[in-house]
Each structure stands twice: as C-alpha cells, then as structure tokens.
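The structure under discussion appears below in the form of structure tokens.
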Amino acid sequence: MNSDIKYRILIAWCTFVLIIFQQNVRSEKITFQKENYTPDYSFYHNVTSIVSHMTKIVNKYGKYINLKDEFRSKAGHSQLVIRISNFTSEKSGRDKVQILFAFGEHAREFFPVESMFYFLKNLTRGLDELHQGSLSGAYSAWVVNNFDIYIIGMTNPDGRYYLEESGNYCWRGTGSGIDLNRNFDWNFAGPGSSKDSHDEEFRGPRPFSEPETGVFIKLAAKISFDAFLSFHSGIRQIYLPFADTKSKQQNRLPENIDHMLKLARRMSHSSPSRPFQFGLAHRLIDYSADGTSFDYMAGVASVPFSLAVEMWGHENHTGSSCFDEFNPRSEHLQEEVALVHPLYVEMLSYLLTWKTRKSAARNRASSTLIRVRKDNSLNSEHQQDVLYASQTSREISRSASFESQIIYVIFALVVTGCVILGVRHTCQLMRKKRIVSLKSLSLTFSLCKHL
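Under mature numbering (1 follows the signal peptide of the UniProt record, and there is no 0), the letters of the sequence shown match residues -27 to -1, 1 to 424, in that order.
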C-alpha cells in the first residue's frame, strides 16, 4: 500500500515538473513586448480574411488566376499558391516571363502580404475592364499576356496563426519556431543561423526539414523561372545574392550580376520620393544570413534574377516593440502600399525587355546554326556530286580508252588482213605475168626464125 502511494506521488511530481518545464520553455519561446501600436484588422488582413479574400479572387477570375492548393504547412494550412496568366493565350508559359513571388516567410511582417493584395487589386480591376479601352485594362492585358506569375501568398501560415493567437508581434518563425529563411540548402548551418530552438533564427534540424520550404523545391524543379523575389519588411533595401557567411568571406558574386544590378536600380528608383538602397547582400548588411531562399534560388536553382526585397521600414525605430518596426500604422497602410506598387511595374517591364532580347538573340543564334548546317549540308552534297562526277569521268574515260583500243586492234587486224590478201593477189598476178611474158618471148623468137 505504502509503495503504491509512493509510486503515485512520484508520478504526480514528475507530471508537475514536466508541466512547469513546458511552461518555462513556452515562456522563453514567447517574448512579449510592449507594442506602440497593433494592427487594426479593418485595415489589415488577419489569417482568416487572407484565405477568404484570396479564395474570392480565384473564384471570380479563374480564367486568369488559379489556386495550387496542394502546397500546405506542417499544420495543414494552405500556403495559397496561385498562378497568374492568360491560360487561353497562344503564347506558352515558356515563351512568357516566368516569375515566382514569395510573401509571408516571417510571421511578423504583415506589410508584404498587404502589398501583394494591392498588386492583385490593381490587376483584377483591369481584368474587369479588358475590353473597355481603359489604361487599367491595358495594363492587366499586358501582364497576363506576357507573364506567367506564381505567387506563394502565405509561405508561413502556421507562424501567422500562432502570432495572432498569442499576441506576440515579434514572432518570426513557424508554429514550432523555425526560421524558414534559414532552412534552405545553401551554406546551411553556417554561423549566420542558429541551432538554438529558442533563437528567432533557428534553422531547424536539417535543410528543407519543413514542408513550408518544400514548395520552393517543387516549383523550381518544374518551372524554369526567369526571376524569384522574396518580399520582406523592416527596412527599405533590395538585396542581390549572396547573404551567406562564405560569400561574405570570399566576396562571391552571382551569375548575371550586371543585369541584376540594372534591375535593382530600376526598382530602387520606382518611388522617387523614397528610393531603396540596393546592392550585394553581404556588402549591404553587417551580418550574414545562411540558408536563405534567395541565395538558394540563385546558387542552386540557377534562377537568372533572384532578389530579396525589404519593402518597408520605420525610419527611426527605437525600443523593443515589434509591430511598428515592420509595419506601418493601420491608417497609413493604403498610402504605403500604393507608394511601393510602382516597384512591381518597373520590375515586370525590365524583365520583359530582358526576356525579349534574350529570345531574339537565341533565335538569331538558332537561325545562324541552321544556316551553317544547311551550308555544310550543301557543301557535303556538292563534294559528293564532284566526287561522283570525277568517278564517272574516270569511268567514262577508262571505258572510252578501252573501246578505242579494241577498235584500234580490230582496225590493225583488218589492215593487216587486207595487206596480206593484197600481197598474195599481187604475187599471183606477177606469176601469171611472168608466164605470159615467157610465152610471148618464145613466140617472138619463133617469128624471128621464120624471117
């Protein structure tokens, strides 16, 4: 009996210790800060309204926008992957500029998702006016006819759900605290990330350990993207690869750097009143970031243009509050998303020009190659004709020579035969003439005697 009581007491004590431990871990995991302001959800989207708004867009504009609902988070929430294009266009996806946008990698960064909805708002307004001759209709027709755009609308839905439920506006990672932008297989586990599960830059146990990063691999394996852009907030800067520790040490440069710099420059001046800083990430920032999405897309997936865009930042942020560091006040939200919108237009315009020139150069190279092959083929045929003609001439010459030799021999034989026959006939004539002459001579002598 006593042993049974002791056993129960031990179980109760262990359960109590476990509960306290879990609460301590949870309290370390959640570091609440006093916020200067929080989002007003009549201006901002919460997770529920993000899903419902995106669903309405897809349902209404299914001819141009569709949802890839198979991509989901660890908790089973949709990542809202959509594709935008004119699916009835004669142009195939490969002939269009193929782009991948990623929003919402970090839970506390609301602004990029709001910017995405503003982009979609402008696009769909034009889709309603496609045949009315309006400027917005012309813009939307230009987009859907020349571009094939994939958007990951909510890269990290679990983290966003957790932030809204907990009220911790500093929360950056997934529901389990993993920073998705340190979970990619590019210099993974470098010092520009953390193995500490309580650190906001916790990279996870291995590259691509989280299903949320799997969407990037699957899409990049299926589609040859011309450009990838990962959108964030916290400052106004445009980063070119690479951001990792090794690249910072080696001063590594990406391929296509000249064109990427031109694109970043165009984007940075899209809002003249508030330009962006831009440059190589390992030069522009004073820390390294290992395992980022845009480094992976540039270094492993070989996407020609791969950028990380920090869209908004508080100019003079101080203190430990978080929401105001990454997001504007609710009443200023529409003004701010409108201010940053030209960045999309400049980016699309530059990429279309680049792709058009690249395609033209490829077509010229292809035409030159076909022409060279054709010339080589004609030369080969000509050489074969010359060879055949040469062989035929030799054969004809050889045949003619043989025939002339036969004729000559026959002619010689005929002549020889004629000569022999002629000599024989002559000899016979001479013999006859000699007999006649003797007889004549005898007759002459006889006559002489009689005289």
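Backbone N, C-alpha and C define an ideal beta-carbon position, used for all residues, glycine too.
Burial is judged here by how many other beta carbons sit within 10 angstroms of a residue's own beta carbon; Gly77 has at least 16 and is buried. Taking a C-beta distance under 7 Å as the contact criterion, Ala237 and Phe251 qualify as a contact pair. Judged by their CB atoms, Phe299 and Thr11 are not nearer to each other than the 7 Å cut-off. Ile211 sits close to Met240, with the two beta carbons spaced by under 7 Å. Restricting attention to Phe267, Arg247, Trp327 and Leu324, the CA atom closest to the CA of Ala311 is found in Arg247. Between Ser88 and Phe201, the C-beta spacing is not below 7 Å.
Taking C-beta atoms as the reference points, Ala281 and Ser206 fail to come closer than 7 Å. Per DSSP, the continuous alpha helix (DSSP H) segment holding Ala194 begins and ends at Pro184 to Lys195. For Asn39, the three-state secondary structure derived from DSSP is strand. The straight-line gap separating the alpha-carbon atoms of Thr326 and Arg145 is approximately 36 Å. The Cβ atoms of Lys219 and His255 lie no closer than 7 Å to each other.
Here the segment 122 to 130 makes contact with the segment 43 to 53; the two share three or more CB pairs at distances below 8 Å. Residues Ile38, Leu93 and Thr97 of the same chain have their beta carbon placed closer than 7 Å to that of Ile30, with the five preceding and five following residues left out of the count. Inclusion of Gln6 and Ser293 in the CB contact set at 7 Å is warranted, their separation being smaller than that value. Scanning the segment 296 to 328 from its first residue to its last, the whole alpha helix (DSSP H) runs of 4-plus residues come out as 296 to 299 and 306 to 313. Asp263 places its beta carbon less than 7 Å from that of Asn160. About 7 Å separates the beta carbon of Phe84 from that of Pro301, a gap short enough to meet the 8 Å contact definition. Here Ser266 is near Phe157, since their CB atoms are less than 7 Å apart.
The Cβ atoms of Val70 and Lys328 sit closer than 7 Å to each other.
Straight-line spacing of the CA atoms in Asp268 and Leu100 works out to 34 Å. In its chain, beyond the 5 residues on either side, Phe76 and Gly77 have a beta carbon closer than 6 Å to the beta carbon of Val86. Shortest Cα-Cα distance from Thr28 to any of Asp42, Glu228 and Ser15 involves Asp42. Measuring C-alpha to C-alpha distances from His50 to each of Gly126, Leu103, Pro164 and Val313 identifies Gly126 as the nearest.
Closest in alpha carbon position to Gly148, among Gly177, Glu309, Ser65 and Ile122, is Gly177. When C-alpha distances from Asn289 are compared across Ile208, Ala334, Leu306 and Pro214, the shortest belongs to Ile208. Annotation for Gly252: the continuous beta strand (DSSP E) segment containing it runs Gln250 to Leu253. Following the DSSP letters along the chain, one finds Asp121 inside the beta strand (DSSP E) bounded by residues Phe120 to Ile125. Within the DSSP bridge table, the entry for His205 names Glu283 as partners. Per the coordinates, the alpha-carbon of Gly163 lies some 20 Å from the alpha-carbon of Gly187. With respect to Phe16, Leu306 sits close: the two C-beta atoms are nearer than 7 Å.
Taking a C-beta distance under 7 Å as the contact criterion, Tyr135 and Glu8 do not qualify as a contact pair. By a beta-carbon distance limit of 8 Å, Ile122 contacts Ile57. Their separation comes to about 4 Å. Note on Ser243: 16 or more other CB atoms within 10 angstroms of its CB, so buried under the neighbour-count rule. In the three-state reduction of the DSSP assignment, Ala274 falls in the coil class.
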